[in-house]
Amino acid sequence: MLKVSWVDKITNVEILRRMGKSTPELLKDIRERKLKFAGHMMRGSSGQLLLDIIEGDVEGPRPRGRPRRMWLDDVKEWLGVRSYEECKELAMNRELFRTTVTRRLATIDHDDAT
């Protein structure tokens with residue numbers, strides 16, 4: 000967005016100032032973009048390879064310790080659904096998905112403000 004290299008010594012506060020945004024506004028933008036991309040991806044609009052990667056099971060032994068939080072865990076939490084299948088079903092209906100995303104983002108933002 001700002002074409003700032005990762006090697007430039009610029010603080011996060013300065014980046015936010017240049018963007019003209021506060022941290023909550025930036026988090027809202029990130030959530031919105033992530034949810035929109037998730038809907039796009041679950042409908043298969045991004046191609047079958049991406050869908051196979053997201054839906055596929057990785058072969059091999061599981062790593063030790065607590066499972067890491069997955070990208071889709073955020074999507075499920077923000078949409079208020081319990082499973083990937085529910086997310087995908089919701090995403091297939093574009094209008095319903097858009098209204099759900101808008102409604103849920105307003106709820107999340109309201110919860111963050113308090």
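Numbering-wise (numbering that gives the first Met the number 0), the sequence shown opens with residue 0 and increments by one.
Beta carbons are placed, not taken as given, at the ideal position from N, Cα and C, and that holds for glycine.
From a predicted model like this one, the values you see are computed outputs, not experimental measurements.
Practice prompt. Measure the CB-CB distance between L1 and R17 and report whether it falls below 8 Å.
Written response: yes
Item to complete: In angstroms with no decimal places, state the Cα-to-Cα distance between T106 and L78.
Response: 10 Å
Discussion item. Taking only three categories from DSSP, how would you classify R102?
Written reply: helix
Discussion item. Less than 8 Å between the C-beta atoms of R68 and K75, yes or no?
Written reply: no
Fill in: Entirely enclosed alpha helix (DSSP H) segments - the region 26 to 63, minimum 4 residues
47 to 54
Worksheet item: In the structure shown, what three-state DSSP assignment does W5 receive?
Response: coil
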